[in-house]
Amino acid sequence: MEQIIKKLNQKNLRPSIQRIKILYYLENKKNHPTVDCIYQDILPEIPNLSRTTVYNTLNVLLENDLVIQLDFGEGCLRYDADTTPHSHFFCRKCGKVFDLKISPEDIASKIPTGFSVQETQLYAFGCCEKCSKT
206 MEQIIKKLNQ KNLRPSIQRI KILYYLENKK NHPTVDCIYQ DILPEIPNLS
256 RTTVYNTLNV LLENDLVIQL DFGEGCLRYD ADTTPHSHFF CRKCGKVFDL
306 KISPEDIASK IPTGFSVQET QLYAFGCCEK CSKT
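Numbering (my numbering), first residue to last: 206 to 339.
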């Protein structure tokens, strides 16, 4: 928890219990959760937590580059505390999200000369290894 508090302090963010718990959850679960998933999992620890607080906290963390937001077109956003450049695989069968070791530099290297890359996002869709076997 000390590392979480340190990260928040470095961004000049007050280390509220909600910010600490949500960032800790994202850094340790690695499940690319939705707001509802975060809310349901943290609610037992913070009984007065609201979905609005989760949304607001995630927006603050996003604005301060402590999390990234993922949109797989499923009608809800997901969050990841790994802000290093990487890509994601979305399993259409089980809904799990996996990190891929494809960097934005790999993608940028394929862009024609003269183009200026400002941001890259790569989402792969299909069935994970487990779902492919069933």
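All residues carry an ideal CB built from backbone N, CA and C; glycine is no exception.
DSSP three-state assignment for S292, whether helix, strand or coil: Three-state result, S292: strand.
Residue environment, A329, which counts as buried when at least 16 other CB atoms sit within 10 Å: Residue environment for A329: exposed (fewer than 16 other C-beta atoms within 10 angstroms of its C-beta).
Contact belief for D304 with D276 at Cβ below 8 Å, rounded distance in angstroms: Distance from D304 to D276 at the Cβ level is roughly 16 Å; contact not present, criterion being Cβ atoms closer than 8 Å.
E207 versus N217, I225, R219, residue with shortest Cα-Cα distance: Nearest to E207 by C-alpha distance, out of N217, I225, R219, is I225.
Q223: first and last residue of the uninterrupted alpha helix (DSSP H) it sits in: Where Q223 is concerned, the enclosing alpha helix (DSSP H) stretches over 222-234.
Own chain partners of E232 with C-beta closer than 6 Å, once the 5 adjacent residues on each side are dropped: These residues qualify, in order along the chain: A286.
Whole-number beta carbon distance between K298 and C332, since they are thought to touch under 8 Å: At roughly 5 Å, the Cβ-Cβ gap stays under 8 Å, so C332 and K298 are in contact.
Close Cβ partners of P220 (< 8 Å) along its chain, the five nearest in sequence each way excluded: Hits under 8 Å: I209, I210, L213, N214.
Limits of the alpha helix (DSSP H) - the one that D323 falls within: One detail in the question is off: residue 323 reads as Gln in this sequence, not Asp. Where Q323 is concerned, there is no enclosing alpha helix (DSSP H), given that its DSSP letter is neither H nor E.
Cβ-Cβ distance between P238 and Y284 below 8 Å: Yes. Within cutoff.
Rounded straight-line distance, which links the Cα of E324 to that of D260: Checking the sequence shown, residue 260 turns out to be Tyr, not Asp. Going by the C-alpha atoms only, they are around 24 Å apart.
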